[in-house]
Amino acid sequence: MFRVGEFSRIASVTIETLRHYDAIDLFKPAKVDPFTGYRYYNAGQLQTLNQILALKDVGLSLEEIKRLLQDNPTIEEVRDILKAQLKLIDNTIDEAQRRRERISTRLNNLEMDGTFPSFDISLKAVDAFTVAAIRETIATVEDIPQRWNTLFTMIAEWIQANRLQIGFPMALYHDEGYTRTHVDTECAFLLRGVEIEDVPAPTHPIVIRQIDAIPQAATVVVADFHQKVRGLEPAYEAIGQWIANNQYHITAAPREIYYGSPATGDLTAEIQFPVMKA
């Protein structure tokens, strides 16, 4: 038997750590002298302590380790736990890398013009979702606001008539490049809380479809754009410059997602460009 100080040296663990593990019932001494209160450990406990230290080293909390040891897991169960922890670490690394890229972008902007950018452009992943939509080629860009108002109204009325839960409105541009005539656009409303196969058949020209997920989207949020002289044009210019400066290329049609309402004076747009490193 070893006294706590001796066991501490052998195991390369501080006395304070051993006392803490005892206090939380994670790792108890083999014997406690009832008169002196001295803790005693035996050599057989080294394996258990090493297991605790190994699990702690991979990121498990002491409470998680305690539950794990109480359940007496199989090798396969321990393997699954370690795989899950590895996945968590990978996600943390990915998020740290994205944060590093955002910081690098801000540094590049500062070095180019000595000021913070007018628009806060960032990268993010966007999940897939189901929409009710109408795709239509509109004669000119000047006709878009009035025509979109009609299309959005048609879709909203159909959603309400079928008692579906309506989400945010959005628009997509399907032309390969910018054009002022024969503009290929799509208006849509997110359908909340429903799978695509459970949506009733729509009336023409409405279609039900899934908007694909975006692994990486360059995004910018613009508040009160309807009150600005040039609307969203400066934001598009800024995000285009950002994409070029940071060596990305566009992989799919851009989207505009709208929040709020012009009636309440708080209309906000989020522009999303699917991108990939060049």
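This note's numbering applies: residue 6 is where the sequence shown begins, and numbers increase by one. By construction, the Cβ of each residue, glycine as well, lies at the ideal position given by its N, Cα and C atoms. Predicted model only: the values in this text are computed from it and were never measured.
Measure the beta-carbon distance from Ala-193 to Ala-257 and round it to whole angstroms, keeping in mind my assumption that it falls under 8 Å.
Incorrect: roughly 15 Å between the Cβ atoms, too far for contact.
Look at Ser-283 and Tyr-253 and say whether their C-beta atoms are less than 9 Å apart.
This sequence places Ala at residue 283; Ser is not what is there. With respect to the 9 Å criterion, Ala-283 and Tyr-253 are classified as neighbours on the basis of their beta carbons.
For Met-3, the first and last residue of its enclosing beta strand (DSSP E)
Any answer about residue 3 is impossible in this case: the structure gives the chain only from 6 up to 283.
Could you pull out every residue in the same chain whose Cβ sits closer than 7 Å to the Cβ of Val-226, ignoring the five residues on either side in sequence?
Its chain contains Thr-273, Glu-275 as the residues whose beta carbon lies nearer than 7 Å to that of Val-226, once the 5 sequence neighbours on both sides are disregarded; these appear in chain order.
Apart from the five residues just before and just after Val-199, which ones in its own chain have a Cβ nearer than 8 Å to its Cβ?
Taking Val-199 as the centre and dropping the five residues before and after it, the same chain places the C-beta of Thr-135, Leu-169, Gln-170 closer than 8 Å to its C-beta, in chain order.
Once you ignore the five residues that flank Ala-240 on each side, which residues in its own chain have a CB closer than 7 Å to its CB?
Once the five neighbours on either side are set aside, the close Cβ partners of Ala-240 are Phe-124, Val-225, Val-227, Ile-276.
At a cut of 8 Å, does the segment 58–73 reach the segment 34–46 through at least three beta carbon pairs?
Taking one beta carbon from each stretch, the segment 58–73 and the segment 34–46 have fewer than 3 pairs nearer than 8 Å; the two do not touch.
Taking Ala-223 as the reference, which of Asp-203, Gln-246, Ala-35 has the closest Cα?
The residue with the shortest Cα to Cα distance from Ala-223 is Gln-246.
What number of angstroms, rounded off, separates the C-alpha of Tyr-263 from the C-alpha of Arg-214?
Roughly 19 Å separates the two Cα atoms.
Taking all protein chains shown into account, do 16 or more other C-beta atoms lie within 10 angstroms of the C-beta of Ile-80, making it buried, or fewer, making it exposed?
Taking every protein chain shown into account, the CB of Ile-80 has fewer than 16 other CB atoms within 10 angstroms, so this residue is exposed.
Run through DSSP, which three-state label would Val-226 get?
Residue state for Val-226 is assigned as strand, using DSSP reduced to three classes.
With Leu-128 and Arg-103 assumed to form a contact (beta carbons below 8 Å), what rounded beta-carbon distance in angstroms separates them?
At roughly 6 Å, the Cβ-Cβ gap stays under 8 Å, so Leu-128 and Arg-103 are in contact.
For Leu-54, is the classification buried or exposed, using 16 other Cβ atoms within 10 angstroms of its Cβ as the cut-off for buried?
It is buried - the Cβ of Leu-54 has at least 16 other Cβ atoms within 10 Å.
So what's Leu-60 in DSSP terms, helix, strand or just coil?
In this structure, DSSP gives Leu-60 a helical state, which the three-state scheme calls helix.
On the three-state DSSP scale, how would you describe Leu-65?
Residue state, collapsed to three classes: coil.
What residue range is occupied by the uninterrupted beta strand (DSSP E) comprising His-187?
Here the beta strand (DSSP E) through His-187 covers 186–197.
What's the gap between the Cα of Tyr-183 and the Cα of Ile-143?
Taking the straight line joining both Cα atoms gives about 13 Å.
Residue burial classification, Phe-278 (beta-carbon count within 10 angstroms, cutoff 16):
Under this definition Phe-278 is a buried residue.
Between the CA atoms of Ala-101 and Leu-51 - distance to the nearest angstrom
Near 36 Å, if we compare the C-alpha coordinates of Ala-101 and Leu-51.
Short of 6 Å in beta carbon distance, which residues of its chain neighbour Asp-180, apart from the five on each side in sequence? Order them along the chain.
Correct list, in chain order: Asp-189.
Comparing alpha-carbon positions, which option in Thr-186, Arg-152, Asp-27, Ile-164 lies nearest Ala-176?
With distances taken between Cα atoms, Ala-176 lies closest to Arg-152.
Thinking just about the alpha-carbon of each residue, which of Ile-216, Asp-30, Glu-191 is nearest to the one in Ile-201?
Ranking the options by Cα distance to Ile-201, first place goes to Ile-216.
So the candidates are Gly-265, Leu-156, Thr-22, Gln-221; which of them puts its Cα closest to the Cα of Val-212?
Ranking the options by Cα distance to Val-212, first place goes to Leu-156.
Gln-56 to Ile-98 span [Cα, whole Å]:
Gln-56 and Ile-98: Cα-Cα distance of roughly 25 Å.
Whole angstroms are fine: how far does the CA of Asp-132 sit from the CA of Lys-88?
Roughly 24 Å separates the two Cα atoms.
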